[in-house]
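**Q** Supplied in structure tokens, the structure appears directly below.
Chains as they are written, first to last, in this note's numbering: chain B, 2 to 225; chain R, 23 to 103.
Written out as structure tokens, the structure is:
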């Protein structure tokens with residue numbers, strides 16, 4: 002590898018079929034699929050291949066790189082995890098390459114980038130129900146909020162991921178019935194309402210629904 | 023009314039917007055931001071952020087009004103097509 006050139010992240014001669022092969026299954030875990038307009042999908046992916054050749058990664062064709070690697074990784078396709086709430090509100094990603102799994106005709110969702118108002122309540126897909134086994138938690142970042150999603154006895158709950166004691170990651174905690182024990186010092190929270198025996202230390206909870214095998218967390222759309 | 027289009031050479035919606043403007047004989051200044059270099063590029067990105075509040079493309083500026091994305095309806099209304 003030359004020192005001046007960008008790091009090669011994809012093999013030479015990467016095709017749009019190669020992109021589809023790894024992006025499709027990943028998007029499916031997030032509640033998305035490729036647009037039903039296959040011609041449009043191919044057009045976007047052709048653009049991404051051209052961008053890959055020029056800039057070294059599959060950046061979103063409709064967004065501009067800032068030059069700051071930490072910012073720019075958020076516009077590498079598929080960028081769904083970085084904009085979960087906004088995309089859930091629009092049923093698609095920025096360009097509509099990916100649409101929500103339940104959308105039958107993706108051609109209606111193309112062309113307009115209308116970002117919803119901050120504060121709008123959105124049901125954000127965070128996982129497939131089968132991806133979080135009973136007694137397990139999963140950390141999910143929605144916008145700027147860190148959330149722990151738990152499966153406790155087959156029911157799903159969402160609460161702030163940060164323990165109010167020393168900010169341990171509750172998603173990595175041990176589930177005990179309807180409680181989770183923080184992995185750092187064992188503070189216990191009731192996953193149903195975020196309550197704890199420690200004074201003034203309850204954590205925020207978020208409504209959860211399971212629909213068509215997807216776990217959705219209801220959250221107010223944040224400001225960017 | 024002067025019309026300016028900030029676009030990326032790689033962006034499918036930018037292509038569609040240009041086709042739409044061309045089909046309707048709208049004359050406009052085209053700035054392909056990803057083809058600029060150095061300071062000029064940085065300046066233009068700052069300009070796009072200022073007028074549109076983000077870095078999504080295309081950004082169409084007509085007088086005081088802007089349209090982000092290929093929104094045919096809005097462009098039509100704005101330009102009286």
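Heads up, the beta-carbon is just placed ideally off N, CA and C, and yes, glycines get one too.
Predicted model, so just to flag it, every value in this text is computed and none were measured.
Is the CB of residue 42/R under 8 angstroms away from at least one CB in chain B?
**A** The sequence position of residue 42/R within the second chain is 20, counting from 1. No, no contact with chain B.
**Q** Near residue 21/R, which residues of its chain fall below 7 angstroms by C-beta distance, leaving aside the five closest residues on each side in sequence?
**A** No statement about residue 21/R is possible, as the shown extent of chain R runs from 23 to 103 and does not include it.
**Q** Do residue 78/B and residue 61/B have their beta-carbon atoms positioned less than 8 angstroms apart in this structure?
**A** In the first chain, counting from the first residue as 1, residue 61/B sits at position 60. In the first chain, counting from the first residue as 1, residue 78/B sits at position 77. Yes, these two residues count as a Cβ contact at 8 angstroms.
**Q** In chain order, what residues of the same chain have a beta carbon less than 7 angstroms from the beta carbon of residue 59/B, not counting five sequence neighbours either side?
**A** As a working mapping, residue 59/B is identified with position 58 in the first chain. Cβ within range, chain order: 20, 49, 52, 53, 77, 78.
**Q** Rounding to the nearest angstrom, what Cα-Cα distance links residue 198/B and residue 119/B in this structure?
**A** What you label residue 198/B is simply residue 197 of the first chain in a count that begins at 1. What you label residue 119/B is simply residue 118 of the first chain in a count that begins at 1. Approximately 34 angstroms between the Cα atoms of the pair.
**Q** With 8 angstroms set as the bound, which would you pick, yes or no: does the beta-carbon of residue 51/B sit closer than that to a beta-carbon of chain R?
**A** Taking the first chain and counting its residues from 1, one reaches residue 51/B at position 50. Chain R, which has a Cβ nearer than 8 angstroms to the Cβ of residue 51/B, makes this yes.
**Q** If you drop the 5 nearest sequence neighbours on each side, which residues of the same chain put their C-beta closer than 8 angstroms to that of residue 48/R?
**A** For the purposes of this step, residue 48/R is taken as residue 26 along the second chain, with counting starting at 1. 25, 101, 103, listed in sequence order.
**Q** Shorter than 8 angstroms from the beta carbon of residue 95/B to some beta carbon of chain R?
**A** As a working mapping, residue 95/B is identified with position 94 in the first chain. Yes - at least one Cβ of chain R is within 8 angstroms of the one on residue 95/B.
**Q** Cα separation between residue 2/B and residue 13/B?
**A** Numbered from 1 along the first chain, position 1 holds the residue referred to as residue 2/B. Numbered from 1 along the first chain, position 12 holds the residue referred to as residue 13/B. With a pLDDT of 45 at residue 2/B, under the threshold of 50, the modelled position of this residue cannot be trusted; read the value that follows with caution. Straight-line Cα distance between these residues: approximately 13 angstroms.
**Q** Find the nearest neighbour of residue 31/B within the set 178/B, 218/B, 72/B, 162/B, judged by alpha-carbon distance.
**A** One-based indexing of the first chain puts residue 31/B at position 30. The shortest Cα separation from residue 31/B among 178/B, 218/B, 72/B, 162/B belongs to 218/B.
**Q** Report all residues from its chain with a CB closer than 8 angstroms to the CB of residue 38/R; omit the five preceding and five following residues, and keep chain order.
**A** In the second chain, residue 38/R corresponds to position 16, counting from 1. For residue 38/R, where only same-chain residues beyond five positions count, the Cβ hits under 8 angstroms are 92.
**Q** Do residue 126/B and residue 89/B have their CB atoms nearer than 8 angstroms?
**A** As a first step, residue 126/B must be located in the first chain, where it is residue number 125. As a first step, residue 89/B must be located in the first chain, where it is residue number 88. Cβ atoms of residue 126/B and residue 89/B: closer than 8 angstroms.
**Q** Assuming contact is defined by CB atoms lying nearer than 8 angstroms, are residue 16/B and residue 107/B in contact in what I supplied?
**A** Here residue 16/B refers to the residue found at position 15 of the first chain. Here residue 107/B refers to the residue found at position 106 of the first chain. Their beta carbons are not under 8 angstroms apart, which means residue 16/B does not touch residue 107/B by this criterion.
**Q** Using a beta-carbon distance cut-off of less than 9 angstroms, what residues from the stretch 64-84 of chain B approach chain R?
**A** From the stretch 64-84 of chain B, only 64, 65, 66, 67, 68, 76 have a Cβ closer than 9 angstroms to chain R.
**Q** Can you look up residue 19/B in the DSSP assignment and give me helix, strand or coil?
**A** As a working note, residue 19/B is residue 18 in the first chain. Helix at residue 19/B.
**Q** Per the contact definition of three or more C-beta pairs closer than 8 angstroms, is the stretch 191-208 of chain B in contact with the stretch 64-73 of chain B?
**A** Contact between the stretch 64-73 of chain B and the stretch 191-208 of chain B is absent, because fewer than three Cβ pairs lie under 8 angstroms.
**Q** Using beta carbons (cut-off 8 angstroms, strictly below), is residue 30/R in contact with chain B?
**A** The residue you call residue 30/R lines up with position 8 of the second chain. Taking Cβ atoms only, chain B reaches closer than 8 angstroms to residue 30/R, which makes this a yes.
**Q** Can you give me the C-alpha to C-alpha distance between residue 128/B and residue 40/R, rounded to a whole angstrom?
**A** Residue mapping note: residue 128/B aligns to position 127 of the first chain, counting from 1. Residue mapping note: residue 40/R aligns to position 18 of the second chain, counting from 1. The straight-line gap from Cα to Cα measures roughly 39 angstroms.
**Q** Return yes when the Cβ of residue 75/B is within less than 8 angstroms of the Cβ of residue 83/B, no when it is not.
**A** Residue mapping note: residue 83/B aligns to position 82 of the first chain, counting from 1. Residue mapping note: residue 75/B aligns to position 74 of the first chain, counting from 1. Yes.
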